[in-house]
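Undergrad: Can you keep this structure in mind? I'll have questions shortly.
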Amino acid sequence: MKEKETAIVPVAEAKPKPEPRSGDNKSYQPQTLEKKWQDKWEADQLYRSVIDTSKPKHYALTMLPYPSGDLHIGHWYAMTPSDARARYMRMKGYNVMFPMGFDAFGLPAENAAIKDGIHPMKRTFQNIERMRKQMRSMGAMFDWQREAISADPSYYKWTEWFFIQLYKAGLAYRKMSAVDWCPNCNTTLAREQVWGDDRHCERCGTPVIKKDLDQWFFKATKYADELLNFDGLDWPQTVKTLQTNWIDRSEGASVIFRTEAGNHKIEVFTTRPDTLWGATFMVFSPEHPLVEAITTPENKQAVEEYKVQAARQTDIQRGAVDKEKTGVFTGAYAINPVNKERIPVWIADYVLMSYGTGAIMAVPAHDERDFAFAKKYELPIVQVIQPEGQEEAAVLESAYSGAGIMINSGPLNGLKVTTDKGRKNPGIAAAINWLEKYMIGKESVNYRYRDWLISRQRYWGAPIPMVNCEIHGWNPVPDDQLPVTLPEDVEWKPTGESPLKLHPTWKNTTCPVCNGPATRETDTMDTFMCSSWYHLRYLSPKYDQGPFDEAEYNYWMPVDTYTGGIEHATMHLLYTRFFHKALRDIGIVEGHEPMIQLRNQGMVLGEDGDKMSKSKGNVIAPDVLVNRYGADTVRAYIMFFARWEMGAPWDSQGIEGSARWIKRVWTLFTDPVPSGAKPTTSEVTKNLRRKVHQTLKRITRDFETFEFNTVISSLMELMNEMYKAREAGAAGSDEWKEAQELYLKMMAPVAPHITEELWTQLGKPYSIHQQAWPTVDEAAIKEDSIELPVQINGKIRDRITVPAEATEDEIKSAALASETVKKFLEGNEPKKVIVAKGRLVSIVM
RNA sequence: GCCGAAGUGGCGGAAUAGGCAGACGCGCACGACUCAAAAUCGUGUUCCCUACGGGAAUGAGGGUUCGAUUCCCUCCUUCGGCACCA
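Be aware that the first sequence starts at 137, since it is given in the working numbering, and climbs by one per residue.
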């Protein structure tokens, strides 16, 4: 039906016997054709991006790969639509930079070395060589002169330098703490790298354990509030939500309690200071440093036993939500500072040392966990919030966390409490004011977000450029000694210590302060440190006066469009934002955010719908597809077969459709005009031109919004119409020539090789990729007459054809004049006639 | 439990601003070409009905509206994140 409006060939005139077409397409040989153009583009440096102040710049960035050895279909899925978008932006008139590099440090190469002894450096650079070649087969517009490799000393020199800048700015510190340790990777992990209910390693899936270690941290929490601010960022809401939940800001108050004996200060954080008068006991985490000091002699044994038992349990066991609460009385009492009540101090493993202060005030009447604990150990429960409508304090069946009126709360009795958080809640606001007035507490904010643990007990990473001297402690390696390079002669052993520590001489050095003997830090940095600034290294990968050339920075930054997987929402994407803000405060970069627009692609699954993995044998190899179909077909299929941000299972048969499309485009442009074609009519050419410009409008919009699948389907539709128009004799007309030209331009970002070839064959000037994106001729899109469906009581009963310029009244009378409508009306007057201009007519009886 | 995303033919998916559901493609069926097959080309392809025509249908149920895949409410399913977070 829609075809009736847009068909180039009026239905009545459709040819009865279409000319058979030469379908073998022997002349389309992507393997030679693609190679030819790739070589030419490279020789001509067609994709070299240099500063050009006469044009607006566009920094398009796609997440750099780890050099695992083979390009995966997932890489194609991430990179080729990003490439198509970058190409589109280039045709739109932007000076586009689209760089590529390698996140080359990391565990897999070192783990492989432990197995076969091949040095990670050697393996990594061999892999890079191979992947670079595979990437070239995509025909992407990567500017290889901007390539950066994080494992290259000329790169990691600056990773080390950045560490020192953060250290000097007070943003890097060393701390002994219980950290997550992967027993398989033999290293510590940042909290973000521990996933799932069983708390497994993000890389290898092994459940992590806790270890007490001296480690380097970055003060990411200093930026917690700023990281929650996404102003000016065009990022997917899901990513912003994931980061917000990860940081998990909670507003409340910190309150100082004191022990009855010894007057020890105990700070607690609470989101419900309005319930302070109901705090009837305190609970410490078993690891809390004060536990030993306050425990009375008669409770000592029980407390020690409980601590041992808690320590033996894993985080998973401790974290099981439905686990029955356990705990032990320390024998000590604290004084509730608001009402001077004497309250017992317990230890229990439901209080975690890693959140807040490791100690809580327990308000059993209004907190479910405290309630369960109080019931079990028969501790007093005092209600301090009375629900609206409740007459007197009844015996509570469960903790009440809703709104109400404050009772049993001394000076604050009668105040209203809502379910709002923080100061928005009048009860909480009053409680905070009261605490601050009597100097026993203050408004406070807590985060789940932790400082970034960057130490890794591995060889294959950027060395942490710090030196430890017995007299002068930790000091950074002087700038003129950077980079601290990795020694080549190391032994590969899975010891849980960095191979650098086991190297006989590497760690020995001199103290930068006194020149006396000192030792190097033997841990290396988390590879996320390397990838936090790679977008800056692309600016000037060979620059040696600093991490980047400022002229390049000033022109290209910030990144305009960043594409990559959503799995990095709380890892790389958060690290790189923190890193940028830290550098900004140090004065190295400008602006508040490194990447303005972010778009996430989904995942390509195996044909069985499962995640692709070698062990499942469902991996799709892009090289095989490129050999068989050519890169243009693979690119087209990748953009066509799923919504990009969603992803979908691979379908090996589906790619045939894209292959057919590419071949049919080839045939359309290279076959002689069919002999049986009639002379054309102005109706045919006008309809063709309309379809061309409608398609251009649609495709332009879709490139803007990253809807690549409909870019392809629109191109397929237009091609089908062009075949029909050609049958109807349109070939040779000016409209046909325009259609050919626009078709190739629109298709160029998707299929760069075939379009370049056909463009050249049309006799157009090289290169199609330097052509301007066409503009829509709105006048050409306008229809002369339109067909409107006529609804009667919501059901479509007829269609009327009216001039496009018809007024509402004209449309109305045309609809009512229709025989079918008259039949349905049966002589009655319609109650109502609604004309939705250009859409339909709705008659209500 | 909390937060978020998504449910449309056999399949992937289309549907500017609330206005013709199923574009485009895969698959399938039939036909043309062929000795035959592949390739290619053409036609058809949501489901149901005594098929002229009619009815139902966008996870389920309800609401708003002349009109809902689209807006609102309740629920179900799948996926992702967080989770004894004080």
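For every residue, glycine included, the Cβ atom is placed at its ideal position computed from N, Cα and C.
Could you check what DSSP says for Cys647 in three-state terms: helix, strand or coil?
TA: Correct three-state label for Cys647: coil.
Undergrad: Roughly how many angstroms separate the alpha carbons of Trp610 and Val603, rounded to a whole number?
TA: Roughly 5 angstroms separates the two Cα atoms.
Undergrad: CA-CA distance, Met858 and Gln379?
TA: About 48 angstroms.
Undergrad: Could you compute how far the alpha carbon of Ser418 sits from the alpha carbon of His336?
TA: The residue you asked about is not Ser; residue 418 is Met in the sequence shown. The straight-line gap from Cα to Cα measures roughly 32 angstroms.
Undergrad: Assuming Thr660 and Ile600 are in contact, meaning their beta carbons sit under 8 angstroms apart, how far apart are those beta carbons, in whole angstroms?
TA: Indeed they touch by this definition, with Cβ atoms about 6 angstroms apart.
Undergrad: With distances taken from CA atoms, which of Ile774, Gln373 and Gly868 is nearest Ile791?
TA: Of Ile774, Gln373 and Gly868, the residue nearest in Cα terms is Ile774.
Undergrad: Name the residue from Pro166, Pro677, Lys822 and Val481 whose alpha carbon lies nearest to the alpha carbon of Tyr513.
TA: The residue with the shortest Cα to Cα distance from Tyr513 is Val481.
Undergrad: Expressed to the nearest angstrom, what Euclidean distance is found between the alpha-carbon atoms of Tyr292 and Ile285?
TA: Approximately 9 angstroms, taken between the alpha carbons.
Undergrad: Quick one: any contact between the segment 898-912 and the segment 844-853, if contact means 3 or more CB pairs under 8 angstroms?
TA: In short, these stretches do not touch, since the Cβ pair count stays below three.
Undergrad: Are the Cβ atoms of Asp279 and Arg408 separated by less than 8 angstroms?
TA: It is not a contact, given that the beta carbons lie outside the stated cut-off.
Undergrad: Does the distance from the CB of Met489 to the CB of His424 come in under 8 angstroms?
TA: Yes.
Undergrad: Below 8 angstroms on the Cβ atoms is my guess for Ile890 versus Gln927; work out the distance and round it to an integer in Å.
TA: That belief does not hold up - the Cβ atoms of Ile890 and Gln927 are roughly 45 angstroms apart, past 8 angstroms.
Undergrad: At the level of alpha carbons, what is the spacing between Val487 and Gly494?
TA: Whole-angstrom Cα-Cα distance: 6 angstroms.
Undergrad: For Gly783 and Pro235, I'd like the C-alpha separation in whole angstroms.
TA: Rounded to the nearest angstrom, the two C-alpha atoms are 24 angstroms apart.
Undergrad: Go ahead and label Gln789 buried or exposed: buried means 16 or more other beta carbons lie within 10 angstroms of its beta carbon, across all protein chains shown.
TA: Exposed.
Undergrad: How long is the line joining the alpha carbons of Leu710 and Ala179, rounded to whole angstroms?
TA: If you take the alpha carbons of Leu710 and Ala179, they lie about 39 angstroms apart.
Undergrad: Using a Cβ-Cβ cut-off of 7 angstroms (strictly less than) and excluding sequence neighbours within five positions of Trp371, which residues of its own chain qualify?
TA: Within the same chain, Trp371 has close Cβ partners Leu734.
Undergrad: For Met739, does the three-state DSSP call read helix, strand or coil?
TA: It is a strand residue.
Undergrad: Met312: buried (16+ other C-beta within 10 angstroms of its C-beta) or exposed?
TA: It counts as exposed.
Undergrad: If we count the other Cβ atoms within 10 Å of its Cβ and call it buried at 16 or more, is Thr943 buried or exposed?
TA: With fewer than 16 Cβ atoms within 10 Å of its Cβ, Thr943 is classed as exposed.
Undergrad: If the criterion is Cβ atoms closer than 8 angstroms, does the pair Thr324 and Val315 meet it?
TA: Yes.
Undergrad: Is Val801 helix, strand or coil when you go by DSSP?
TA: In the structure shown, Val801 sits in a helix (DSSP, three-state: H, G or I).
Undergrad: With a threshold of 16 other CB atoms inside 10 Å of the CB of Pro808, please say whether the residue is buried or exposed.
TA: Looking at its Cβ environment, which holds fewer than 16 other Cβ atoms inside 10 Å, Pro808 is exposed.
Undergrad: Taking only three categories from DSSP, how would you classify His716?
TA: Helix, per DSSP.
Undergrad: Would you call Val740 buried or exposed, if buried means 16 or more other Cβ atoms sit within 10 Å of its Cβ?
TA: Buried, because 16 or more other Cβ atoms sit within 10 Å of the Cβ of Val740.
Undergrad: In whole angstroms, what separates the C-alpha of Gln737 from that of Met227?
TA: Their backbone Cα atoms lie some 23 angstroms apart in a straight line.
Undergrad: Can you say whether Pro433 is buried or exposed, counting buried as having 16 or more other CB atoms within 10 angstroms of its CB?
TA: Exposed, since its Cβ has fewer than 16 Cβ neighbours within 10 Å.
Undergrad: Candidates Asp348, Lys347 and Asp333: which alpha carbon is nearest Gly341's?
TA: Of the listed residues, the one whose Cα sits closest to Gly341 is Asp333.
Undergrad: Any contact between the segment 585-593 and the segment 621-628? By contact I mean 3 or more CB pairs, one from each, below 8 angstroms.
TA: Flag = no, the segment 585-593 and the segment 621-628 do not touch.
Undergrad: State buried or exposed for Asp625, treating a residue as buried only when at least 16 other CB atoms are found within 10 Å of its CB.
TA: Exposed.
Undergrad: So what does DSSP say about His400, is it helix, strand or coil?
TA: Here His400 sits in coil by DSSP.
Undergrad: Are Ala951 and Ser921 closer than 8 angstroms when you measure CB to CB?
TA: Contact: no.
Undergrad: Just to confirm the assignment: which complete alpha helix (DSSP H) runs, minimum length 4, are found wholly within the segment 345-382?
TA: Taking only runs of at least 4 residues, the alpha helix (DSSP H) segments lying wholly in the segment 345-382 are 360-363.
Undergrad: Between which two residues does the beta strand (DSSP E) harbouring Pro785 extend?
TA: Pro785 -> beta strand (DSSP E) spans Gly783 to Pro785.
Undergrad: Hey, Cys666 and Phe366: beta-carbon distance below 8 angstroms or not?
TA: Not closer than 8 angstroms, so no.
Undergrad: Based on Cα-Cα distance, which residue from Thr411, Glu440 and Pro630 lies nearest to Gly540?
TA: Closest by alpha carbon: Thr411.
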